[in-house]
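Chemist: In terms of my numbering, the first sequence has 49 at position 34, counting the first letter as 1, and numbering is strictly consecutive.
All C-beta atoms in this analysis are idealised placements derived from N, C-alpha and C, irrespective of residue type, glycine included.
Please read these numbers as outputs of a predicted model, since none were measured by experiment.
Below is the structure I would like to discuss, written out as structure tokens.
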Amino acid sequence: MSKFVEEIVGLISKETGLSKVEITGLVEVPPDQKLGDYAFPCFVLSKKLKKAPNQIAGELALRLKATDLIEEISAVGPYVNFRVDRAKQAELVLARIFDEGDRYGSDECGKGKTIVIDFSSPNIAKPFGIGHLRTTVIGNALFRIFRRLGYEVVRINHLGDWGTQFGKVILAYKMWGDEEEFLKDPIATLYDLYVRFHREVDEEPGLEEEARGWFKRLEDGDEEATGLWKKFRDYSLREFNRVYEMLDIGFDSCPGESFYNEFMDQTIEQIEAKGLAEISQDALIVDLEQYDLPPCLLKKKDEATLYATRDITAAIYRHDTYEFHKSLYVVGSAQSLHFRQVFKVLELMGYKWAKDCVHVDFGWIKFRQEMMSTRKGNIVLLEDVLNKSIQLARTIIEEKNPELENKEEVAKDVGIGAVIFADLATRRNKDIDFDWDQVLSFDGETAPYVQYTHARLCSLQRKYGRPVSIKIDYGALSTDEERALLKLLEDFPRKVKFTGEAYEPAFICSHLIDLCSTFNRFYQKQRIITEDEDQTAARMLLVRALQVTIKSGLSLLGIKAPERM
RNA sequence: GCCCCUGUAGCUCAGUUGGAUAGAGCAGCGGCCUCCGGAGCCGCGUGCACCCGUUCGAGUCGGGUCAGGGGUACCA
């Protein structure tokens, strides 16, 4: 909590007899900066004192005396408003940022704790579509945020490399596959086969049964099935890595669902030993009716396992391996029932840590215009989106800054940043309408706007040409915009923490937009570098702090901050 | 049928634990310096799906209605 709030809480508690905790919960920030920096609403006191809140505020404001940190106290309606000593506030914030550099916003709260994040997790033999963007970038942002908060973070790519679908792909490949075609474009070929399988199954329903048989053989370690599966997996991974490299995203472990195959029997035995399992309609299930949940299926009638079994096994494995404080699953909301079942079974198995498993869910990406016109099935490839965005960035650079040195690198940073930001900026639980025009927009509330502001701040520092110092006249930062900027900077660490608690990277996006738009307004109105050396020195320290904070915020989202663009 | 999520301006979205006149961006129209980067800035807007309730106070909490999406035993 800020020193200023502490001070205010102290003052009020002395005068009113309310507890500090209670007051802390009530202190708020007024909607208009002109009213003050902090406010205390007097409604709660009106019952106790049997007086109108307006009257109480008036009397309270008279009794409270200004201090070193709080320079003005006044009543407006039912609120007591506080104005902090601007110079002190500026000094506290700017000196700290100067000191911490681009680690500003870090915290110790995660020290000694491990968080496991399961994210991205594409299915092999299927194209990496735009639909996989959300889990990938949200997971990566959470990784960076928790790391900043002091946690050990383990990134897990739980590849979808197991399940009945591979029986289908194997069978389809055996029937219609072509080696040469496969090597040319592995995923597209496999995906075509998969689509064709579903088309042909309508006319020959027997294929379905045959495919299940192939998955069963795979699960039993059959040589031919395993060989094909391995081949599909290797080539798919190679293509995924291309996308991960573009996004600059990595993983600490990529075991995939298949990895847990050998532990599956153990899990089932354990569940049976607890007396939780039963046979129903020829399948092995855990009945969850008394918890208002549908049964959790462990084994199909043909004895093959299901994804719930694999997720339960994986959860136990992860806890044994990492002794996590939290285990996150960044997976679409379509699977929320599935996770409720899995977590419930873990709880019934007696694992107390089941409560530390969190489904970090998110809405769908839907399509409006382009979906039907996309040639490759009904999928928009993530790689295509990234490439288009980079291409647009190139074009704009050619137009606005053709002299730029490392154009290609900057075009990548900007183009990819735009795509990441466009996704992260919307709150997780909302569905996103994928719209080319919106993703490929570099104006307004976008990554390029933030990056542009950052580049502008860098440019100012180059132009200034002298080292920025913390020995300045802090009282010189006196305009409304400077004041607002100081508060936004002060609030940044709290925002990062809150973002972690809510698993909601969008909070950082909007904070960055606030910082940038406020600065740009300031920049437009006021000259930064002038004849007035004291004022210039003060403003340059602010510029430096903003630049560093924006860079820090972007890096938490997995977005680069070029110095020129 | 039952369960979950969503419903704020023409479009896309903010609005942290209920609080002082509900905010941005995009698109449209009109402007901006002797220009520190115009990927910028400024101006133009009577909108919280609907109805009840709780409260001094509801976009925010509770109940109901309507609309959209998702899930609901052998896919993941």
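Which runs of the alpha helix (DSSP H) at least 4 residues long sit entirely within the region 49-74? Give them in chain order.
Modeler: Here the runs fully enclosed are 58-64.
Chemist: Label S404 either buried or exposed according to how many other C-beta atoms from any shown protein chain fall within 10 Å of its C-beta, with 16 as the threshold for buried.
Modeler: In the first sequence, the residue the question calls residue 404 occupies position 389. Buried, since its Cβ has 16 or more Cβ neighbours within 10 Å.
Chemist: S89 lies in the beta strand (DSSP E); which residues open and close that run?
Modeler: To locate residue 89, count along the first sequence from 1; it is residue 74. Counting along the chain, the beta strand (DSSP E) containing S89 begins and ends at 85-91.
Chemist: Is I132 helix, strand or coil when you go by DSSP?
Modeler: The sequence position of residue 132 within the first sequence is 117, counting from 1. Here I132 sits in strand by DSSP.
Chemist: Within the region 193-236, note down every full alpha helix (DSSP H) run reaching 4 residues or more, in order along the chain.
Modeler: Whole alpha helix (DSSP H) segments, 4+ residues: 194-199, 201-216, 221-234.
Chemist: List the DSSP bridge partners of F449.
Modeler: Counted from its first residue, the first sequence places residue 449 at position 434. F449 is bridged to F382.
Chemist: Looking at the strands, I want to know which residues DSSP matches up with E43.
Modeler: As a first step, residue 43 must be located in the first sequence, where it is residue number 28. For E43, which the question treats as bridged, DSSP gives the partners A54.
Chemist: Spatial neighbours of E385 within its chain, please: C-beta separation below 7 Å, excluding the five flanking residues on both sides.
Modeler: In the first sequence, residue 385 corresponds to position 370, counting from 1. At E385, the pLDDT of 45 sits below 50, so the modelled position is not reliable; the number obtained from the coordinates is stated separately. Around E385: V395, W451.
Chemist: Going by Cα to Cα distance, which pick from A553, A521, K486 is closest to Q476?
Modeler: Here residue 476 is taken as the residue at index 461 of the first sequence, counted from 1. Measuring from the Cα of Q476, the nearest candidate turns out to be A553.
Chemist: In its own chain, which residues sit with a C-beta less than 8 Å from the C-beta of H147, not counting the 5 before and 5 after it?
Modeler: Walking along the first sequence from the start, residue 147 turns up at place 132. Around H147: S135, P137, L397.
Chemist: Near F354, which residues of its chain fall below 7 Å by C-beta distance, leaving aside the five closest residues on each side in sequence?
Modeler: Walking along the first sequence from the start, residue 354 turns up at place 339. Same-chain partners within the cutoff: Y344, H374.
Chemist: When you compare only the Cα positions, how much space is there between T389 and V465?
Modeler: Reading the first sequence from its first residue, position 374 is the one you call residue 389. Reading the first sequence from its first residue, position 450 is the one you call residue 465. Note on T389: pLDDT 41, under 50, position unreliable in the model; the coordinate value appears next. Going from the Cα of T389 to the Cα of V465 covers about 31 Å.
Chemist: Using C-beta distances below 7 Å, list every residue in its chain close to K315, excluding the 5 sequence neighbours before and after it, in chain order.
Modeler: To locate residue 315, count along the first sequence from 1; it is residue 300. Closer than 7 Å at Cβ, skipping near neighbours: A298, L321.
Chemist: Quick check: what's the CA-CA separation for K566 versus H526?
Modeler: Counting from 1 along the first sequence, the entry for residue 566 is found at position 551. Counting from 1 along the first sequence, the entry for residue 526 is found at position 511. Roughly 13 Å between the two C-alpha positions.
Chemist: What is the rounded straight-line gap between the Cα of A72 and the Cα of V42?
Modeler: As a first step, residue 72 must be located in the first sequence, where it is residue number 57. As a first step, residue 42 must be located in the first sequence, where it is residue number 27. The alpha-carbon atoms of A72 and V42 are separated by roughly 13 Å.
Chemist: Give me, in chain order, the residues of the same chain whose beta-carbon lies closer than 8 Å to that of F58; leave out the 5 immediate sequence neighbours on both sides.
Modeler: As a position in the first sequence, residue 58 is number 43, starting the count at 1. Excluding sequence neighbours, F58 sits near P68, P93.
Chemist: Counting Cβ pairs, one atom from each stretch, are 3 or more of them under 8 Å apart for the region 412-428 and the region 477-485?
Modeler: No, the region 412-428 is not in contact with the region 477-485.
Chemist: May I ask you to verify whether the region 264-271 touches the region 289-307, counting CB pairs closer than 8 Å and requiring at least 3?
Modeler: No, the region 264-271 is not in contact with the region 289-307.
Chemist: Would you identify the three-state DSSP class for C124, choosing helix, strand or coil?
Modeler: As a working mapping, residue 124 is identified with position 109 in the first sequence. Coil.
Chemist: Cβ of G515 within 8 Å of Cβ of L164?
Modeler: As a working mapping, residue 515 is identified with position 500 in the first sequence. As a working mapping, residue 164 is identified with position 149 in the first sequence. Contact flag set, yes.
Chemist: Determine the closest residue to E496 out of K63, R118, T533, L75, with distance taken between C-alpha atoms.
Modeler: Within the first sequence, residue 496 is the residue found at index 481, counting from 1. That would be T533, whose Cα lies nearest to the Cα of E496.
Chemist: Starting from the Cα of R248, find the closest Cα among F158, R333, L205, Y337 and give me that residue.
Modeler: Here residue 248 refers to the residue found at position 233 of the first sequence. Here the closest residue by C-alpha is L205.
Chemist: Determine contact between the region 126-134 and the region 228-244, defined as no fewer than three beta-carbon pairs at a distance below 8 Å.
Modeler: No, the region 126-134 does not touch the region 228-244.
Chemist: On the criterion of 16 or more Cβ atoms from any shown chain inside 10 Å, does Y275 qualify as buried, or is it exposed?
Modeler: Along the first sequence, one-based indexing puts residue 275 at 260. Under this definition Y275 is a buried residue.
Chemist: What distance in whole Å lies between the Cβ atoms of W229 and L208, which are believed to be in contact at a cut-off of 8 Å?
Modeler: In the first sequence, residue 208 corresponds to position 193, counting from 1. In the first sequence, residue 229 corresponds to position 214, counting from 1. That belief does not hold up - the Cβ atoms of L208 and W229 are roughly 13 Å apart, past 8 Å.
Chemist: What are the partner residues of E293, as DSSP defines its beta bridges?
Modeler: The residue you call residue 293 lines up with position 278 of the first sequence. In DSSP, E293 forms a bridge with I300.
Chemist: Can you tell me whether R325 is buried or exposed, with buried defined as 16 or more other CB within 10 angstroms of its CB?
Modeler: As a working note, residue 325 is residue 310 in the first sequence. It is buried - the Cβ of R325 has at least 16 other Cβ atoms within 10 Å.
Chemist: Confirm, please, whether the CB-CB distance from V108 to L84 is below 8 Å.
Modeler: Within the first sequence, the letter at position 69 stands for residue 84. Within the first sequence, the letter at position 93 stands for residue 108. It is not a contact, given that the beta carbons lie outside the stated cut-off.
Chemist: Roughly how many angstroms separate the alpha carbons of K49 and L75, rounded to a whole number?
Modeler: By one-based count along the first sequence, residue 49 stands at place 34. By one-based count along the first sequence, residue 75 stands at place 60. Cα-Cα distance, rounded: 20 Å.
Chemist: In the DSSP output, what is C311 paired with across the bridge?
Modeler: Taking the first sequence and counting its residues from 1, the one referred to as residue 311 is at position 296. In DSSP, C311 forms a bridge with V301.
Chemist: May I ask which residues mark the beginning and end of the beta strand (DSSP E) holding C372?
Modeler: Counting from 1 along the first sequence, the entry for residue 372 is found at position 357. Per DSSP, C372 belongs to the beta strand (DSSP E) from 372-375.
Chemist: Do you know whose CA, among F377, T441, V454, lies nearest V588's CA?
Modeler: Outside the shown range of the chain, which is 16 to 580, sits residue 588, and nothing can be said about it.
Chemist: Measuring alpha carbon to alpha carbon, tell me which of R579, M364, I23 ends up nearest A470.
Modeler: Translated into the one-based positions of the first sequence, residue 470 becomes position 455. Nearest option by C-alpha distance: R579.
Chemist: Smallest Cα separation from T441: which of M364, F522, N402?
Modeler: Reading the first sequence from its first residue, position 426 is the one you call residue 441. Considering only alpha carbons, the answer is F522.
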